[in-house]
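Presented below is the structure to which this report refers.
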Amino acid sequence: MRFRPSLSASEPESSHADSIDSPGEQEGERAPARRARAASGNAAVGATELYFRSLAGSQPLTREGEAAIGRRMEAGALARVEAWVRSPVALRELALTAEDVHVGALSLRDLLCEIDASDPEAEACSKRLAGLLDLARALFERRPAEGDVEIALAGLAAGLAELRLDPTFEGRIEGSLRAAAAVTEGAERASIEATLAAIARARRAVAQAKSELVQANLRLAVAIAREHQRFGVPLLDLVQEGNLGLIRAADKFEYRRGHRFGTYAAWWIRQAIKRAILNQGKPVRMPVHLTAIRSQVVRARRELVQERGRDPSLEEVAERSGLSVEKVRMIGELALEPLSLDAPIGEEGDTRYGDLLAGEEPTPADMLTRRRLIEQTRELLDSLQPRERELLRRRFGLDGNEDETLEEIGNSFSLTRERIRQIEAKVLEKLRTRSRQRELGSYLEGGVTARAGLLVELRGSLSGAGPSSAR
1 MRFRPSLSAS EPESSHADSI DSPGEQEGER APARRARAAS GNAAVGATEL YFRSLAGSQP
61 LTREGEAAIG RRMEAGALAR VEAWVRSPVA LRELALTAED VHVGALSLRD LLCEIDASDP
121 EAEACSKRLA GLLDLARALF ERRPAEGDVE IALAGLAAGL AELRLDPTFE GRIEGSLRAA
181 AAVTEGAERA SIEATLAAIA RARRAVAQAK SELVQANLRL AVAIAREHQR FGVPLLDLVQ
241 EGNLGLIRAA DKFEYRRGHR FGTYAAWWIR QAIKRAILNQ GKPVRMPVHL TAIRSQVVRA
301 RRELVQERGR DPSLEEVAER SGLSVEKVRM IGELALEPLS LDAPIGEEGD TRYGDLLAGE
361 EPTPADMLTR RRLIEQTREL LDSLQPRERE LLRRRFGLDG NEDETLEEIG NSFSLTRERI
421 RQIEAKVLEK LRTRSRQREL GSYLEGGVTA RAGLLVELRG SLSGAGPSSA R
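Per the UniProt record's numbering, the very first residue in the sequence shown carries number 1; after that it's consecutive.
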């Protein structure tokens with residue numbers, strides 16, 4: 001299938017259009033403006049056209065081609081882990097990890113990538129990882145459980161390669177190799193550097209195979225993005241989000257299950273595009289989890305209208321959807337479409353909605369209240385440890401930046417997502433203590449914060465609500 005986006009925005013105006021323009025002087029005055037508009041249109045359409053043309057020669061993979069790429073990715077992952085287990089340094093790190101698990105300092109699920117507790121395979125994966133870590137410790141202590149060291153090493157490598165290990169855990173193993181190479185010399189250093197080189201080659205092999213899989217399916221992302229153009233997000237933005245979903249699918253694809261990659265990737269592409277539309281498609285962003293609840297309420301209301309032939313009450317919708325009346329009322333208010341302040345009022349249109357609003361200039365009392373609130377909020381944050389303070393600033397976007405996910409913060413701190421969640425809960429509990437909450441109690445009770453303080457995102461937590469949902 002060839003993608004041929006419309007080029008109407010970039011085509012020059014026809015000679016007929018030129019022939020009916022105003023004469024002489026007016027034509028000369030309008031020409032620069034028309035050329036500027038044409039240049040702007042050409043730039044926008046040109047980027048889209050160039051990208052689509054670059055995909056024209058790509059061909060989808062056959063089932064055999066996908067399986068071949070899957071085997072290459074599998075072989076690269078195995079080669080990487082084999083380099084680990086044959087290095088005494090990395091084997092020691094695995095043995096230390098096994099010890100941490102046994103004493104409770106680490107959870108097995110923290111070592112696995114994106115494992116869901118509700119997944120029936122989660123417990124089996126955790127038990128398998130526990131056995132592999134015990135085997136690594138036995139090998140490091142020269143007590144091979146299976147008698148033959150080579151067979152045991154091969155089994156350890158194959159088992160670890162089949163599991164989706166957490167990137168932080170993998171980084172810790174390879175970081176121990178780099179640290180050892182920096183402090184050793186001679187043959188030992190050469191051996192460690194050879195191991196690092198083997199790991200780098202294996203990484204490149206996996207990345208190359210994954211790139212081929214993604215490149216062969218870029219047109220699928222474009223096709224799905226075209227289906228969602230009517231939601232207010234530019235096509236190229238939708239394509240980029242779809243490509244991110246495609247890369248995600250390539251990371252998680254298991255060719256041995258027998259599914260075609262395109263079928264599997266389509267779900268991830270649609271999820272990425274839908275999330276982008278929810279985040280960017282409206283002037284006022286509604287959080288994704290609230291959008292799901294809104295869909296639940298809308299579905300319940302529609303069913304009741306069909307059954308009873310009238311608009312249902314809030315109580316009826318709440319009962320059907322399994323939500324509280326307050327939640328249904330809140331969702332109804334959030335679902336209202338924003339109204340432009342420049343929209344005219346009445347038939348004559350000489351008055352606008354914005355003319356009816358009070359001025360935005362704060363009163364001296366408001367400015368004093370805000371200044372005092374910010375000072376007390378900063379004092380409250382300064383009472384925390386630097387690491388706790390940095391975590392809250394990034395988690396809730398207190399410096400004016402976007403709030404970060406648990407996984408993003410964990411990567412920067414070299415901690416797991418679960419550990420960051422535990423630290424966050426502990427810090428919020430510390431802020432909720434009566435002695436500290438008393439400092440901001442009057443503001444929290446009076447509700448005068450109104451986006452004035454640095455802790456606007458934390459108001460619910462300081463008032464006694466639980467920590468933000470893990471994401």
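All C-beta atoms, glycine included, are put in the ideal place defined by N, C-alpha and C.
Using the DSSP secondary-structure output, state which residues sit across from T351 in a beta bridge.
I345
So what does DSSP say about L380, is it helix, strand or coil?
helix
Should D166 go down as buried or exposed, given a rule of 16 or more other Cβ atoms within 10 Å for buried?
buried
Would you identify the three-state DSSP class for L106, choosing helix, strand or coil?
coil
Please classify L91: does DSSP put it in a helix, a strand, or coil?
helix
Cut-off 6 Å between Cβ atoms - residues of its own chain near G159, not counting five sequence neighbours on either side
L132
Can you tell me which residues form a DSSP beta bridge with L112?
L165
Buried or exposed, going by whether 16 or more other CB atoms sit within 10 Å of the CB of L341?
exposed
Who are the near neighbours of A77 in its chain, counting only those whose CB is closer than 8 Å to its CB and skipping five residues on each side?
A161, A202, V206
Residue environment, G24, which counts as buried when at least 16 other CB atoms sit within 10 Å
Any reading at G24 needs caution, since the residue's pLDDT is 43, under 50, leaving its predicted position unreliable; the model's value is listed next. Classification of G24: exposed, given that the 10 Å Cβ count is below 16.
Go ahead and pull the three-state DSSP assignment for S324.
coil
Proximity of T291 and L304 at Cβ, strictly below 7 Å:
no
What's the gap between the Cα of Q229 and the Cα of E241?
13 Å
Quick one: measure Cβ to Cβ for L91 and F140, integer angstroms, because I've assumed they're closer than 8 Å.
5 Å
With burial defined as no fewer than 16 other Cβ atoms inside 10 Å of the residue's Cβ, what is the status of E227: buried or exposed?
exposed
Between the alpha carbons of Q280 and V233, how many angstroms are there, rounded?
7 Å
Contact set for V85: own chain, Cβ-Cβ below 8 Å, skip 5 residues either direction:
L91, L94, A136, L139, L153, L156, A157, L160
Check this for me: beta carbons of I423 and G410, under 7 Å apart or not?
no
Could you compute how far the alpha carbon of G415 sits from the alpha carbon of E407?
Correcting the residue type first, residue 415 is Leu in the shown sequence and not Gly. For L415 and E407, the distance between alpha carbons rounds to 9 Å.
Less than 7 Å separating the beta-carbons of residue 472 and L163?
Given a span of 1 to 471 for the chain in the structure shown, any question on residue 472 remains unanswerable.
Note down the Cα distance separating R4 from T48, rounded to an integer number of angstroms.
Reliability of the predicted coordinates at R4 is poor, the pLDDT of 40 falling under 50, and no value is obtained from them.
Would you mind stating whether A181 and I199 have Cβ atoms separated by less than 7 Å?
no
Does T405 come within less than 7 Å of chain C when only Cβ atoms are used?
Among the protein chains of the structure shown there is no chain C, as only one such chain exists.
For T405, which three-state DSSP category applies?
coil
For N279, does the three-state DSSP call read helix, strand or coil?
helix
Here's the rule I'm using: 16 or more other beta-carbon atoms within 10 Å means buried, otherwise exposed. How should R80 be labelled?
buried
Would a C-beta distance cut-off of 7 Å place V214 and A250 closer than the cut-off?
yes
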